[in-house]
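Below is one structure; the comments refer to it alone.
Numbering (the working numbering), first residue to last: 1 to 427.
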């Protein structure tokens with residue numbers, strides 16, 4: 001009887017919470033505007049969250065207003081001049097008004113934009129990689145902040161997965177790519193004018209590795225970088241391996257392996273400490289030591305270093321916060337924001353896509369998050385200063401997280417396997 005009741009509740013809750021852009025709502029990346037730390041942005045399962053007051057308040061930009069469909073951005077670049085750019089895997093989106101309206105770049109109508117990289121000091125210089133399967137892909141450079149794009153000489157019939165600029169030597173570029181089970185790194189020492197091919201031959205348990213992706217380049221040494229690959233274990237499950245190179249990408253050595261899909265990683269300013277975030281865990285690796293799994297954050301644990309401070313995504317459903325910061329290299333965390341604290345739709349002028357498309361969607365999202373409806377956006381059925389009464393059948397389909405616990409726990413248990421199995425089918 002108990003099992004039947006649980007399954008019934010799960011079915012009801014699934015119908016109430018599952019959306020085209022994801023069922024379990026979490027933050028997925030963090031960035032701040034260059035030179036303007038008061039402006040911050042987080043990628044979110046249902047679009048993006050923006051703060052214009054140093055994180056004191058956060059507001060929602062719905063995916064419908066951005067127009068990215070099922071191609072969800074992994075990260076954003078917020079330039080000092082105010083423009084926001086993101087590569088979705090299909091398009092390069094740009095907002096010129098602080099997130100109120102978005103448009104795809106016309107330069108990549110037939111290409112799939114898989115990665116965007118910023119120059120470490122020059123806002124005007126940007127790089128974009130394309131990765132559409134079975135066609136020739138290119139690396140593009142913009143010298144005017146993304147207004148126009150020109151192809152570099154690098155073009156291959158391979159999927160380009162990520163481009164990075166070495167922070168300590170901005171002339172050094174790396175690009176990762178793959179074609180079937182052929183894995184590649186490409187390296188340039190002159191800002192993309194000439195390139196060296198660095199094919200990667202894996203042996204042993206990684207001999208059938210695929211989907212190589214560049215993760216990070218050391219801020220202190222342009223020859224040190226990290227990548228990840230996927231592979232099959234002996235029992236058929238998918239493994240994710242982080243590898244490190246100390247010779248500019250010529251050789252790679254495994255440093256971390258697990259069955260939890262990777263979100264991203266970041267590196268300390270001196271290059272001696274690295275942090276790896278996965279869907280469910282957070283790891284720290286100090287120079288000369290193995291990676292150590294830390295207690296927090298759990299859930300969708302992205303990581304971004306800003307100066308000497310770490311910012312991390314987390315699951316509100318697991319430990320009450322969706323963004324936290326650490327001043328001690330990830331040993332302890334100060335919660336900054338919970339999804340229940342989203343204050344409504346991003347404040348935009350009338351006529352903008354965010355104002356027109358997101359406002360009507362906010363009451364439903366607020367109910368799912370357990371967030372209060374703002375006075376400017378009342379729900380037609382419930383006054384903004386009153387809470388809907390909980391249902392008496394025990395399924396908890398009303399606002400708040402307590403009633404969502406069974407669905408959320410089940411989703412968390414299945415999430416790693418489901419996402420892992422989905423990745424190869426997309427290739």
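The C-beta atom is built at its ideal place from N, Cα and C for all residues, glycine as well.
From a predicted model like this one, the values you see are computed outputs, not experimental measurements.
Counting of Cβ neighbours within 10 angstroms places residue 213 among the buried residues, the total reaching 16 or more. Between residue 199 and the set 183, 34 and 210, the nearest pair of CA atoms involves 183.
Cβ contact annotation for residue 123 (same chain, cutoff 8 Å, sequence separation greater than five): 34, 79, 80, 81 and 145, in chain order. For residue 38, the enclosing beta strand (DSSP E) has its first and last residue at 36-44. The region 345-363 makes no contact with the region 314-331: fewer than 3 CB pairs, one atom from each, lie closer than 8 Å.
Its Cα nearest to that of residue 169, the residue 217 stands out among 322, 45, 256 and 217. Looking only at 167, 258 and 188, the smallest Cα-Cα distance to residue 206 is reached by 258. Residue 44 and residue 238 have their C-alpha atoms roughly 25 Å apart.
Nearest neighbour of residue 126 by Cα position, chosen from 368, 136, 98 and 87, turns out to be 87.
Our two residues, residue 155 and residue 137, have alpha carbons roughly 6 Å apart in a direct line. Here DSSP, grouped into helix, strand and coil, assigns residue 205 to helix. Taking C-beta separations shorter than 8 Å and ignoring five residues to either side along the sequence, the partners of residue 55 in its chain run 40, 323, 336 and 337, following chain order.
In this structure, the alpha-carbon of residue 102 lies about 32 Å from that of residue 318. Here residue 100 carries a coil assignment [DSSP, helix/strand/coil]. Boundaries cannot be given for residue 341, as no alpha helix (DSSP H) includes it and DSSP labels it neither H nor E.
Contact check for residue 180 against residue 221 fails: the beta carbons are separated by 7 Å or more. Taking a C-beta distance under 7 Å as the contact criterion, residue 163 and residue 117 qualify as a contact pair.
In the structure shown, residue 355 falls within a helical segment according to DSSP collapsed to helix, strand and coil.
For residue 306, DSSP records a beta bridge to 309. Around the Cβ of residue 96, a 10 Å sphere holds fewer than 16 other Cβ atoms; the residue is exposed. Around the beta carbon of residue 236, a 10 Å sphere encloses fewer than 16 other beta carbons of the protein chains shown; the residue is thus reported as exposed. In this structure residue 129 is buried. Its beta-carbon is surrounded by 16 or more other beta-carbon atoms within 10 angstroms. Residue 308 and residue 134 have their alpha carbons spaced roughly 42 Å apart. Residue nearest to residue 225 within the set 357, 75, 201 and 251 is 251 (criterion: CA-CA distance). The distance from the Cβ of residue 302 to that of residue 277 is about 5 Å, consistent with a contact at the 8 Å cut-off. Spanning the alpha carbons of residue 84 and residue 339 requires a straight line of approximately 22 Å. Non-local C-beta neighbours of residue 369 in its own chain, meaning closer than 7 Å and more than five positions away in sequence, comprise 25, 339, 340 and 342, ordered along the chain. Its chain contains 88 as the residues whose beta carbon lies nearer than 6 Å to that of residue 68, once the 5 sequence neighbours on both sides are disregarded; these appear in chain order. Closest in alpha carbon position to residue 295, among 286, 333 and 260, is 333.
Distances from the alpha-carbon of residue 286 to those of 139, 38 and 267 put 267 closest.
In the DSSP annotation of this structure, residue 257 is not part of any alpha helix (DSSP H); the continuous beta strand (DSSP E) holding it starts and ends at 253-258. Residue 109 and residue 91 have their C-alpha atoms spaced approximately 7 Å apart. Counting along the chain, no alpha helix (DSSP H) covers residue 194, and no H or E run does either.
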